[in-house]
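In what follows, a structure is listed as structure tokens, so that the remarks can point back to it.
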Amino acid sequence: MTSRAQPEIIRRESKTFRLAHCLLPAWRDGEIDSTSAPGSIGMAFTGQAAAVVRVADGAARPRPVPPMTIGLGGDTPIAWLETDSPSDVLEITGAPGLRSEMARDMHVESHADLDDVHGWQDPIIQAVATRLRAALRGWIPMSDLEAETLVRAAYAQVLRRHFGGREGIRRTLDARRRQRVVELVLDTADKPLTLGDLAEAAALSPFHFARSFANTFGMPPHRFVTISRLDRAFHALRSTQATVPQAAAAAGFSNLHHFRQLFRRQYGVPPSDVGGQARAQSIRHR
2 MTSRAQPEII
12 RRESKTFRLA
22 HCLLPAWRDG
32 EIDSTSAPGS
42 IGMAFTGQAA
52 AVVRVADGAA
62 RPRPVPPMTI
72 GLGGDTPIAW
82 LETDSPSDVL
92 EITGAPGLRS
102 EMARDMHVES
112 HADLDDVHGW
122 QDPIIQAVAT
132 RLRAALRGWI
142 PMSDLEAETL
152 VRAAYAQVLR
162 RHFGGREGIR
172 RTLDARRRQR
182 VVELVLDTAD
192 KPLTLGDLAE
202 AAALSPFHFA
212 RSFANTFGMP
222 PHRFVTISRL
232 DRAFHALRST
242 QATVPQAAAA
252 AGFSNLHHFR
262 QLFRRQYGVP
272 PSDVGGQARA
282 QSIRHR
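The sequence shown begins at 2 in this note's numbering and counts up by one.
Quick look at the structure:
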């Protein structure tokens with residue numbers, strides 16, 4: 002007799018979002034408690050020919066799920082009672098405040114909790130979900146700031162595509178706002194920053210700030226923060242006696258493996274090479 006596969010769920014949370022990557026065996030009612038959260042975006046990497054769900058009216062209904070399709074949660078949870086094959090699913094859930102703010106800024110306030118719309122495909126959300134899944138599995142490094150940016154991109158696409166959301170005119174940050182944001186990034190190099198922190202410095206909502214920032218700097222906020230912090234670590238390694246762990250921690254990187262990945266991607270060499278060169282030069286000049 003073969004043993005039954007066990008659910009494997011990896012979660013990540015911040016103040017503004019919850020993520021869950023679920024690898025689940027096929028199950029029947031009562032064997033696994035699986036519920037789609039209200040207002041969530043689910044990406045099914047594998048399909049179900051004969052799933053059964055319980056929806057808002059309490060009725061149990063069949064729901065086929067084609068592979069690589071997306072399903073939205075409405076204002077009530079959706080309980081998954083039965084599946085016929087293993088599941089590989091990513092669930093993205095923006096915090097209520099994030100969803101309300103985005104729906105308001107996109108002029109569709111009544112759709113903050115989305116609706117039960119399922120079985121559709123979208124290349125933008127697929128790309129977002131694939132990258133978030135890779136981060137949850139530990140395959141790629143990702144800060145909370147980048148994760149929040151991707152979560153917001155997914156919700157913006159859903160609100161545009163299904164609920165008539167619109168983003169308004171293209172704007173950039175004026176000099177005063179740019180200066181405040183840059184100063185915040187430089188002054189808090191060793192602390193986590195959220196999109197809300199940066200938006201507050203610019204006196205804008207996170208939704209409008211993210212778009213204005215990208216229009217101004219040619220990159221999303223999370224990329225700017227990462228580059229700034231890598232640059233801080235690079236200069237610490239090159240001009241001081243800091244070790245790689247010390248330089249990483251001082252620049253706000255808590256995961257040393259991810260820091261090394263990002264550093265090599267940015268500069269083409271591992272951080273130990275830069276630090277080793279600095280220490281060798283120091284010894285030669287003694």
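Each residue gets a CB set at the ideal place from its N, CA and C atoms; glycine is no exception.
Note that the coordinates shown come from a computational prediction; the quantities given were computed from them, not determined experimentally.
- Along the length of the segment 31-74, whole beta strand (DSSP E) runs at least 3 residues long occupy 35-37, 41-45, 49-55, 61-66, 70-73, reported in chain order.
- A Cβ-Cβ contact shorter than 7 angstroms links alanine 155 with isoleucine 93.
- The alpha-carbon of aspartate 89 is positioned some 16 angstroms away from that of histidine 119.
- About 15 angstroms separates the beta carbon of aspartate 117 from that of leucine 160, a gap too long to meet the 8 angstroms contact definition.
- The beta carbon of arginine 134 is closer than 6 angstroms to those of His22, Leu91 in its chain, skipping five residues each way along the sequence.
- Within the same chain, and ignoring the five residues on either side of serine 86 in sequence, the residues whose Cβ sits closer than 8 angstroms to its Cβ are Ala27, Thr47, Gly48, Gln49, Ala50.
- Annotation: glycine 197 to serine 273 spans about 34 angstroms, alpha carbon to alpha carbon.
- The secondary-structure analysis by DSSP pairs tryptophan 121 across a beta bridge with Ile71.
- Rounded to the nearest whole angstrom, the CA to CA distance from proline 8 to valine 56 is 23 angstroms.
- Around the CB of histidine 223, 16 or more other CB atoms lie within 10 Å, so the residue is classed as buried.
- Counting only the Cα atoms, aspartate 191 lies some 11 angstroms from serine 229.
- When secondary structure is reduced to three states using DSSP, alanine 96 falls in the coil class, being assigned neither helix nor strand.
- Per the Cβ contact rule, the segment 249-261 is not in contact with the segment 207-218 (fewer than 3 Cβ pairs under 8 angstroms).
- In the DSSP assignment, valine 90 is bridged to Cys23, Ala45.
- Residue pairing by DSSP places tryptophan 81 opposite Ser35, Val54 in a beta bridge.
- If you check the CB distance, threonine 17 and alanine 80 do not come in under 7 angstroms.
- Collapsing the DSSP output to three states places isoleucine 126 in a helix.
- With three or more CB-CB distances shorter than 8 angstroms, the segment 103-116 counts as touching the segment 159-179.
- Residue state for glutamate 9 is assigned as strand, using DSSP reduced to three classes.
- In the three-state scheme derived from DSSP, where H, G and I count as helix and E and B as strand, phenylalanine 264 is classed as helix.
- With a threshold of 16 other beta carbon atoms within 10 Å, valine 270 falls short and is exposed.
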